[in-house]
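Number of protein chains: 2
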Amino acid sequence: MQSRSTPPTRAGGRPRSAEADTAILEATRQALVDLGWTKLTLGDVATRAGVAKTTLYRRWAGKSELVVDAVAELFDELELPDSGSLAADIEGVVLQFAALLGRPETKTALMAVVAESTTDEPLRERIRASIVDRQKRLVLTGRARAQARGELPVEPDAASAAATADLIFDVIAGAVVHRALVSAEPVDGEWARRFTLLILGGLSAVSGRGPDG
Amino acid sequence: MQSRSTPPTRAGGRPRSAEADTAILEATRQALVDLGWTKLTLGDVATRAGVAKTTLYRRWAGKSELVVDAVAELFDELELPDSGSLAADIEGVVLQFAALLGRPETKTALMAVVAESTTDEPLRERIRASIVDRQKRLVLTGRARAQARGELPVEPDAASAAATADLIFDVIAGAVVHRALVSAEPVDGEWARRFTLLILGGLSAVSGRGPDG
DNA sequence: AGCTTTCGCTACGGCTCGTAGCGTAACTGG
DNA sequence: CCAGTTACGCTACGAGCCGTAGCGAAAGCT
């Protein structure tokens, strides 16, 4: 996962405790739930994890990196169930992503580290590698399946196909995040259905008929 | 604007300096550019603005509230130019919103305060009132114009119409924010064109033909 | 005038930061 | 078994920021 700060890793010497690692990440998530992003302190996390504060600083450069690793583990749960239709696939991934964003630890952490990454390029790359790309795969496989079913045309131009995939990704992830965290309204089956209708058929499709289409 | 913390406002007494207010908000934006969200301190803002630190604390409850007010002013610039077609309207507002998110002060501030708002309900309400609703108006007027032109059907059910408007809003704002801040790739005319194509015609429309459609 | 509120300034205790130093623990290779 | 190497827990430290209190002076209103 390349999460921790890699030391020169010469052979020999006492190995880093794996239990400490998991304890720290779990303690970080719990601290996020209890305190939120700003009030979370590394000293508090160390106490919760039962390790010394110095141990934390030996493995992570700072608060942002630690939190990214802590929430990145949660994004491993994301999967794309093969529902048999593109619409069902989209609804499924939307609801799954929404459930993840519903957890208090991801809620407060995700936006905060992204905010931090706007003035910290290495951090942004870390987020991309351990969180964002994991979601992007869902879009790629989902589209491949839809194309195999004949639900979507195969774009001949590779550059155009990549741009479309990026677009779809930003639209889906962005819309769910905005609905869940900015508008702070529920991402339920009803919303997922309307959203999918919009993505597949466009504005006229979603506003032309009722939600029970 | 109801931005500052309203004192009991009895008659009489020395009025609050309006110059200090604008100086503080301007200093806050500049500090955001120079330091980013986390490294911004209220003491530093006070020094930049040429006011005492205590003056700041008399008007704002904390860092989050101050920053919200500082960036909210920038969102007043948003306007919906009547371009004559729904597609052009969408592209216009997307590019306008993207330009706003391109500024370093909004970049780092917007996500940070939203992150904070997930554990601070009054702050979320403040953001909604002074920032989010301002964008939502653009969606409502844009749709009204499109309906007047006959480009969009008029939804008879009021609840359904409101749900659609919320959906459109979350999709547009969310996609632009995600593209600009998470993917960190340019929101240019090319992207705006493809995005508009997707919103209006759905997935098959954007992947069916090339970007020069 | 007298009253009221804000202002700038100084000072303070409390908290967090990130690091340094030390002795000990764990694991590796000769 | 014994050096060598690295991680660990612990303590302590200067530095910086927080948010508030207290003061005298300034700027309005009646």
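So the protein sequences, as listed, match chains F and Z.
Position in the first sequence (from 1) plus 1328 gives the number in my numbering.
Position in the second sequence (from 1) plus 1328 gives the number in my numbering.
A virtual CB, placed ideally from N, CA and C, is assigned to each residue, including glycine.
Note that the structure is predicted; figures quoted are calculated from it, not measured.
- Between the stretch 1490–1502 of chain F and the stretch 1489–1507 of chain Z there are three or more C-beta pairs closer than 8 Å, enough to call the two in contact.
- With respect to the 8 Å criterion, residue 1477(F) and residue 1417(F) are not classified as neighbours on the basis of their beta carbons.
- Spatial neighbours of residue 1398(F) in its own chain (CB-CB distance under 6 Å, excluding positions within 5 residues in sequence) are listed in chain order as 1353, 1356 and 1357.
- Put simply, the backbone Cα of residue 1429(F) is about 34 Å away from that of residue 1371(Z).
- Between residue 1534(Z) and residue 1492(F), the beta carbon gap of about 6 Å places them in contact (Cβ cut-off 8 Å).
- If you draw a straight line from the Cα of residue 1341(F) to the Cα of residue 1387(F), it is about 16 Å long.
- Taking 8 Å as the threshold, the shortest C-beta distance from residue 1372(F) to chain Z does not fall below it.
- DSSP places residue 1511(Z) outside both helix and strand once states are collapsed to three, so it counts as coil.
- Counting C-beta pairs closer than 8 Å gives fewer than three between the stretch 1376–1383 of chain F and the stretch 1422–1439 of chain F, which falls short of the contact rule.
- Taking all protein chains in view, the Cβ of residue 1373(Z) is crowded by 16 or more other Cβ atoms within 10 Å, so the residue is classified as buried.
- Shown here for residue 1377(F): same chain residues with a beta carbon closer than 6 Å to its own, the five before and five after excluded, namely 1351, 1352 and 1355 in chain order.
- Nearest C-alpha to residue 1514(F) among 1422(F), 1408(F) and 1394(F): 1422(F).
- The residue among 1431(Z), 1529(Z), 1482(Z) and 1459(Z) with its C-alpha nearest the C-alpha of residue 1396(Z) is 1459(Z).
- Within chain Z, the residues 1518, 1519, 1522 and 1539 have their CB atoms less than 9 Å from the CB of residue 1491(F), given in chain order.
- At a cut-off of 8 Å between beta carbons, residue 1388(Z) makes no contact with chain F.
- Non-local C-beta neighbours of residue 1467(Z) in its own chain, meaning closer than 8 Å and more than five positions away in sequence, comprise 1493, 1496, 1497 and 1500, ordered along the chain.
- Assignment of residue 1431(Z) by DSSP, reduced to helix, strand and coil, places it in the coil class.
- Here residue 1503(Z) is buried. Its C-beta has 16 or more other C-beta atoms within 10 Å.
- In the DSSP annotation of this structure, the continuous segment of the alpha helix (DSSP H) that includes residue 1505(F) starts and ends at 1486–1505.
- Residue burial annotation: residue 1391(F) is buried, with at least 16 other C-beta atoms found within 10 angstroms of its C-beta.
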